[in-house]
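Line by line, the protein sequences give chains A and S.
Just add 2 to wherever you are in the first sequence, counting from 1, and you've got the numbering used here.
Just add 629 to wherever you are in the second sequence, counting from 1, and you've got the numbering used here.
Built from N, CA and C at the ideal position, the CB exists for glycine as well.
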Amino acid sequence: MNDIQTRRQEYRLLFKQNVAKRLFVDKIVRIIVFSCVIIAIIPLGSILVEVFKNGITAISIEFLTETPGSIGSGEGGIGPAIQGTLIIIGLSSLIGVPIGVMSGIFLSEYGDNKLAKSIRFFNDVFMEFPSIILGIFAFLIIVLVLGHFSVWAGAFALSLIMFPIVARTTEESLKMVPMTYREAGTALGLKKWIITFRIVISAAKSGMITGILLSVSRIGGETAPLIMTILGSSQFFSSMDTPMDALPLRIWRLSLLPYDSAQLQGWGAALVLIMIILGINLGVRYYFSNKKNLFFGKFIKQRRNTIK
Amino acid sequence: MNKVNLNIKQRKIISDKIFKIGVTVAGAYVLVVVVLIAFQLVSESYPVWEEEGLSFITKTDWNAVEGRESFGALPYILGTLTTSAIAMMIGVPLSIGIAMFISDAPPKIGAPLGFLVELLAAVPSVIYGLWGLYVFRIYFRDWFETPLHDAFGDNIWLFSGNPYGLDILTASVILAIMIIPTVSAVSREIMKAVPQQQKEAAYMLGATKWEMFKLAIFPYSKTGLIGASILGLGRAVGETMAVTMLIGNATGLGAIPSSLFGPSQTMSSIIANEFVEASPASIHMPALIGIGLILLLIAIVINVVAHLLVTRMLKIKEGAINN
């Protein structure tokens with residue numbers, strides 16, 4: 003009798019120790035995992051704080067509108083760079099968006115064959131191509147052929163970064179439109195392209211706009227392909243066939259100069275760039291997500307869930 | 630009656646056919662571009678292969694002076710591989726931790742944190758470079774590199790050299806931060822793709838949360854997680870601006886990675902640094918384009934492997950749901 007009792011006590015003790023150890027390990031892992039998140043967010047916080055703190059002192063009306071002064075003087079501004087960034091974003095959207103949207107329509111509406119499967123695969127792989135290679139490509143087929151640096155070459159290079167993103171987001175948002183919408187159109191005797199443009203696209207509009215704007219915010223910060231296509235300049239835009247400036251290029255050049263004033267201007271330019279890019283990014287997420295989740299959910303995923 | 634129907638059918642076919650051809654051409658654009666890029670890089674880098682042969686890949690000189698031109702890509706290939714490998718070593722465990730947290734946390738906490746991590750991807754590379762150059766480098770050098778160097782510098786080659794902040798380690802850490810959003814987002818999707826029954830089964834056995842991950846999620850999503858990490862590697866290999874600004878930009882023999890605190894150069898950074906100055910007439914530009922070709926091949930292999938692994942994993946998910 004006594005024997006059994008002591009044995010029971012032993013078992014209880016062993017069980018307690020075992021469980022305690024397991025719970026302890028679990029707690030440790032929880033702490034590690036949570037600190038991973040914190041470690042990742044610290045750089046983001048530091049970048050935002052530093053850019054705002056250092057950049058805000060550089061910002062003034064002259065800084066935003068004037069051409070750069072002589073090197074190291076700390077005078078002048080980043081007017082041409084802001085202008086150039088807006089021009090290059092507009093031009094590359096002009097090339098990239100139609101191709102991307104059409105390609106997305108192909109993948110979603112005719113995307114059930116071998117060709118579409120390979121296009122989808124290459125699209126995904128192409129999206130991850132190093133952007134500097136696209137710069138070299140644009141240099142080889144436009145700059146080298148024309149014989150001078152050209153704004154079109156830069157726009158072309160950026161459109162190559164843009165269109166696969168637009169294509170995939172368009173495909174995803176078109177696929178989310180219920181098949182019954184298309185069937186209703188067919189039952190009315192409409193042609194397929196009318197169904198696509200009038201019914202499917204208008205139902206998927208907000209998802210597509212999200213994708214397009216996110217791709218705009220992506221190309222707005224691209225630097226590498228611009229080095230060999232629009233080169234950078236300190237003058238305002240004059241023609242399509244001369245070098246042009248852009249914000250990322252200007253930040254790069256300023257950061258390489260050994261003067262405090264240039265460094266300050268670099269932070270100022272970075273503030274402008276990050277305001278443009280995060281503005282688009284956050285604005286889009288906020289505007290196109292439903293009120294319940296504010297901007298903290300990916301729009302597309304929410305849509306998918308509501309349809310299911 | 631029949632005639633009318635036929636007419637409608639024919640009209641439909643013609644305009645729809647044009648539409649179909651139009652969108653197919655737009656879809657095929659990506660194939661054309663990929664082929665053209667490969668063709669252009671091969672044909673424009675031809676002179677350097679002709680001049681140096683395959684030794685272009687194994688040589689270490691880098692001399693653009695007229696009459697003494699000699700180009701070898703080895704230091705930059707090694708530089709890229711070293712920085713990417715270190716970035717993976719730091720970034721992948723962090724990302725998997727983040728994915729574990731977010732895939733399991735209640736949406737009210739998980740969603741905003743996941744969003745903040747994703748916001749890291751929206752910060753332009755050149756701003757990472759600027760921040761790295763003026764903020765991160767200083768702290769990293771004073772608080773991390775110098776103590777390490779003082780403690781081990783004389784005995785371990787890894788920590789030798791003079792910590793100045795513009796070196797392989799700094800560039801790799803910045804790269805690690807830059808790949809976190811990609812790797813954690815994909816890993817999160819993959820962990821969410823594990824069927825709910827598997828997790829519940831683990832809990833039924835009395836598993837703690839960590840044991841649930843060990844029992845149910847990791848074995849099931851192993852391939853996908855490897856794919857996600859390789860996707861991050863693809864990012865790291867191609868990243869240009871931040872690395873160019875932080876790696877110290879040595880050329881030739883000096884660029885061969887010898888210690889964590891030494892300067893180096895990657896394939897993309899040497900292209901960014903020298904492409905505009907290189908004359909298309911000499912062999913300098915073909916050499917840089919040749920490096921671009923090698924970079925492209927590496928990137929393609931990495932990304933194809935990653936996509937195959939990730940899509941296979943997500944396909945299993947679809948199958949599981951349909952069953």
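*Which residues in the same chain as Gly746 of chain S place their Cβ atom closer than 7 Å to its Cβ, once the five residues preceding and following it in sequence are excluded?*
The displayed chain sequence assigns Val, not Gly, to residue 746 of chain S. So the list reads Ile727, Ile809, Pro810, Ser813, once near-sequence residues are dropped.
_Given 8 Å, three or more beta-carbon pairs between the stretch 91 to 103 of chain A and the stretch 854 to 873 of chain S_ = no
*Mind checking whether Leu889 of chain S and Asp796 of chain S have CB atoms under 8 Å apart?*
yes
_DSSP state of Ser161 of chain A mapped onto helix, strand, coil_ = helix
*What's the C-alpha gap between Ala871 of chain S and Ile135 of chain A?*
16 Å
*asked:* Short of 8 Å Cβ to Cβ, which residues in the stretch 117 to 130 of chain A face chain S?
replied: Per Cβ criterion, the list reads Leu117, Ala118, Ser120, Ile121, Phe123, Phe124, Asn125, Asp126, Val127, Phe128, Glu130.
*Buried or exposed: where does Leu251 of chain A fall if 16 or more other Cβ atoms within 10 Å of its Cβ makes it buried?*
buried
*Would you report the Cα separation of Lys828 of chain S and Val664 of chain S, rounded to the nearest angstrom?*
45 Å
*asked:* Please report whether the beta-carbon of Asn951 of chain S lies at a distance below 8 Å from any beta-carbon of chain A.
replied: Only weak support exists for where Asn951 of chain S lies, its pLDDT of 44 falling under 50; the value from the coordinates is given anyway. Asn951 of chain S does not count as touching chain A.
_Boundaries of the alpha helix (DSSP H) in which Tyr705 of chain S is found, first to last residue_ = Unbroken alpha helix (DSSP H) run through Tyr705 of chain S: 703 to 733.
*Nearest to Thr940 of chain S by CA position, among S:Ile859, S:Ile885, S:Ile920, S:Leu924, is which residue?*
S:Ile859
*Cα-Cα, which of A:Met164, A:Lys177, A:Leu233 is closest to Ser94 of chain A?*
A:Met164
*When DSSP labels each residue in this structure, what does Leu834 of chain S get in the three-state scheme?*
coil
_Host alpha helix (DSSP H) of Ala271 of chain A (start-end)_ = 262 to 290
*Distance, Val127 of chain A Cα to Ile647 of chain S Cα*: Taking the straight line joining both Cα atoms gives about 28 Å.
*DSSP state of Ser897 of chain S mapped onto helix, strand, coil*: helix
*May I ask you to verify whether the stretch 910 to 926 of chain S touches the stretch 694 to 703 of chain S, counting CB pairs closer than 8 Å and requiring at least 3?*
yes
*Throw me the rounded Cβ distance for the Ile232 of chain A and Met246 of chain A pair, which I believe falls under 8 Å.*
5 Å
*With Thr172 of chain A and Ile91 of chain A assumed to form a contact (beta carbons below 8 Å), what rounded beta-carbon distance in angstroms separates them?*
About 19 Å separates the two Cβ atoms, so there is no contact after all.
*Determine, using beta carbons only, whether Phe730 of chain S comes closer than 8 Å to chain A.*
yes
*Relative to the alpha-carbon of Leu937 of chain S, which residue among A:Thr225, A:Lys119, A:Phe151, A:Arg220 has its alpha-carbon at the smallest distance?*
A:Lys119
_Using a 10 Å radius around the Cβ and a threshold of 16 neighbouring Cβ atoms, would you call Leu215 of chain A buried or exposed?_
buried
*Going by C-alpha distance, which of S:Trp760, S:Thr712, S:Ala655, S:Arg817 is nearest Ser732 of chain S?*
S:Arg817
*Helix or strand or just coil, what does DSSP make of Asn932 of chain S?*
It is helical.
*Please determine if the stretch 711 to 727 of chain S and the stretch 884 to 904 of chain S are in contact, where contact requires at least 3 C-beta pairs separated by less than 8 Å.*
Note that the stretch 711 to 727 of chain S touches the stretch 884 to 904 of chain S; at least 3 beta-carbon pairs, one per stretch, sit closer than 8 Å.
*Counting only the same chain and skipping the five closest in sequence on each side, list residues whose C-beta sits under 7 Å from that of Gly720 of chain S.*
Here Gly720 of chain S has Ala805, Ile808, Ile809, Val812, Gly861 as same chain residues with Cβ atoms under 7 Å from its own Cβ, once five neighbours each way along the sequence are excluded.
*Compute the beta-carbon to beta-carbon distance between Asn56 of chain A and Trp254 of chain A, rounded to the nearest angstrom, for a pair I have assumed lies under 8 Å.*
The pair is not a contact, with the Cβ atoms about 17 Å apart (cut-off 8 Å).
*Closer than 7 Å at the beta carbon, the chain S residues around Glu52 of chain A*: Here the neighbours are Trp760, Val764.
*Got a sec, what are the start and stop residues for the alpha helix (DSSP H) His778 of chain S sits in?*
775 to 781
*In chain A, what lies closer than 7 Å to Ile767 of chain S by C-beta?*
Neighbours of Ile767 of chain S on chain A: none; closest Cβ ~11 Å, over 7 Å.
*Using a Cβ-Cβ distance under 8 Å, would Asp645 of chain S count as near chain A?*
yes
*Going by beta carbon distance, what residues of the same chain come within less than 7 Å of Tyr832 of chain S, once the five residues before and after it are set aside?*
Met841
*Apart from the five residues just before and just after Gly98 of chain A, which ones in its own chain have a Cβ nearer than 6 Å to its Cβ?*
Ser161, Met164, Phe165
*Contact between the stretch 754 to 771 of chain S and the stretch 47 to 67 of chain A: three or more CB pairs below 8 Å?*
yes
*If you count every other CB in all the chains shown that lies within 10 Å of the CB of His913 of chain S, and 16 or more means buried, which is it?*
With 16 or more Cβ atoms within 10 Å of its Cβ, His913 of chain S is classed as buried.
*Which residues of chain S have a Cβ atom closer than 9 Å to the Cβ of Tyr112 of chain A, listed in chain order?*
Lys649, Val652, Thr653, Gly656
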